[in-house]
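Shown next, in the form of structure tokens:
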């Protein structure tokens with residue numbers, strides 16, 4: 178659980194969650210355990226590496242105690258998406274992560290580096306990455322700490338075994354792949370429904386990874402369609418066919434009629450997206466999907482209305 182919209186895990190991380198929200202999180206964690214699932218939280222302690230003083234440590238200690246009360250099994254400390262061009266950045270971040278490790282009951286700890294991809298867009302937005310940042314971070318971090326990595330790009334079109342081997346050599350450990358598909362939470366992406374099956378992730382990359390995590394879309398039911406195809410890809414190996422897998426997954430998630438209808442419309446829903454659709458086309462789609470009494474259809478209708486629209490201004494204030 179690490180949504181950008183939860184300010185108490187990001188810019189307001191040093192403040193406690195409001196009581197109602199805290200109770201909702203406790204209920205969610207309990208529900209996950211009832212389903213036999215691990216529950217984890219991702220904390221972005223905004224700019225804490227600039228001044229990790231006694232006040233910051235106390236605030237962090239209180240936040241970790243709250244996480245322990247939820248019964249988390251996994252904790253991620255996320256240093257992404259904040260200004261980070263400090264020469265001793267790796268040293269500061271490793272110090273914080275090791276301090277966290279001594280004060281959390283979570284069984285698995287993972288860090289997202291400030292520079293979590295080769296993508297030069299990170300340097301343009303957050304400042305030039307320090308020299309040998311990954312090598313230094315990997316050398317300083319305890320071997321038990323996982324490290325997130327998104328690939329050669331923030332949203333990588335392809336992830337190869339050769340690339341992952343190079344990153345493993347730099348970090349001194351296999352990375353945890355943070356796969357930015359089918360995520361659609363930016364201004365441009367929120368106008369598209371990401372429904373197609375995974376491509377560019379051959380099953381052979383598994384031997385170069387500690388784990389493969391996906392960043393889901395804003396639509397919790399519909400995002401299960403591409404998620405299931407990733408499992409198919411690993412299970413089927415060279416026999417994997419991404420279009421067939423997506424159609425099968427859509428039928429599993431949505432039922433045969435709605436599943437086939439959505440996949441028949443994937444060119445419009447994913448490739449074209451909302452912005453170029455004329456009003457009459459939106460009305461036609463609303464009529465078609467309004468016939469289905471299914472949460473996946475309701476997500477699609479909400480998307481058509483623009484309810485999932487995310488602006489860059491909203492993202493930048495999180």
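Residue numbers (this note's numbering): 178 to 495.
All C-beta atoms in this analysis are idealised placements derived from N, C-alpha and C, irrespective of residue type, glycine included.
These numbers were taken from a predicted model, which means no experiment stands behind them.
Residue i - DSSP class collapsed to helix/strand/coil
i: residue 221; result: coil
i: residue 398; result: coil
i: residue 233; result: helix
i: residue 252; result: strand
i: residue 385; result: helix
i: residue 182; result: coil
i: residue 215; result: coil
i: residue 298; result: helix
i: residue 425; result: helix
i: residue 495; result: Since pLDDT at residue 495 reaches only 48, below the 50 mark, its modelled position is unreliable, and the value read off the structure follows with that caveat. In the structure shown, residue 495 sits in coil (DSSP, three-state: anything other than H, G, I, E or B).
i: residue 328; result: strand
i: residue 416; result: helix
i: residue 484; result: coil
i: residue 372; result: coil
i: residue 462; result: helix
i: residue 287; result: strand
i: residue 377; result: coil
i: residue 356; result: strand
C-beta contact flag for residue i and residue j at 8 Å
i: residue 287; j: residue 353; result: yes
i: residue 391; j: residue 407; result: yes
i: residue 420; j: residue 450; result: no
i: residue 303; j: residue 261; result: yes
i: residue 349; j: residue 315; result: yes
i: residue 428; j: residue 437; result: yes
i: residue 447; j: residue 395; result: no
i: residue 134; j: residue 209; result: Nothing can be reported for residue 134: it is not among the residues displayed for the chain, which extend from 178 to 495.
i: residue 485; j: residue 474; result: no
i: residue 463; j: residue 440; result: no
i: residue 487; j: residue 363; result: yes
i: residue 336; j: residue 377; result: yes
i: residue 398; j: residue 472; result: yes
i: residue 386; j: residue 351; result: yes
i: residue 244; j: residue 194; result: no
Pairwise C-alpha distance: residue j and residue i
i: residue 476; j: residue 469; result: 11 Å
i: residue 405; j: residue 272; result: 38 Å
i: residue 301; j: residue 219; result: 25 Å
i: residue 282; j: residue 240; result: 12 Å
i: residue 458; j: residue 212; result: 40 Å
i: residue 227; j: residue 235; result: 16 Å
i: residue 313; j: residue 268; result: 8 Å
i: residue 426; j: residue 253; result: 29 Å
i: residue 178; j: residue 188; result: 16 Å
i: residue 246; j: residue 279; result: 16 Å
i: residue 381; j: residue 342; result: 12 Å
i: residue 311; j: residue 340; result: 14 Å
i: residue 325; j: residue 461; result: 42 Å
i: residue 479; j: residue 307; result: 43 Å
i: residue 216; j: residue 186; result: 16 Å
i: residue 299; j: residue 357; result: 15 Å
i: residue 275; j: residue 319; result: 8 Å
i: residue 207; j: residue 180; result: 19 Å
i: residue 430; j: residue 403; result: 10 Å
i: residue 323; j: residue 481; result: 39 Å
i: residue 411; j: residue 355; result: 16 Å
i: residue 203; j: residue 345; result: 36 Å
i: residue 365; j: residue 393; result: 16 Å
Buried versus exposed, by CB contacts within 10 Å (16 or more), residue i
i: residue 291; result: buried
i: residue 264; result: exposed
i: residue 232; result: exposed
i: residue 205; result: exposed
i: residue 196; result: exposed
i: residue 321; result: exposed
i: residue 409; result: buried
i: residue 309; result: exposed
i: residue 453; result: exposed
i: residue 347; result: buried
i: residue 494; result: Note that residue 494 scores a pLDDT of 44, beneath 50, so its modelled location is shaky and nothing firm can be said.
i: residue 183; result: buried
i: residue 270; result: buried
i: residue 257; result: buried
i: residue 433; result: exposed
**Prompt:** Are the segment 326-345 and the segment 284-298 touching, with three or more C-beta to C-beta distances below 8 Å?
**Reply:** yes
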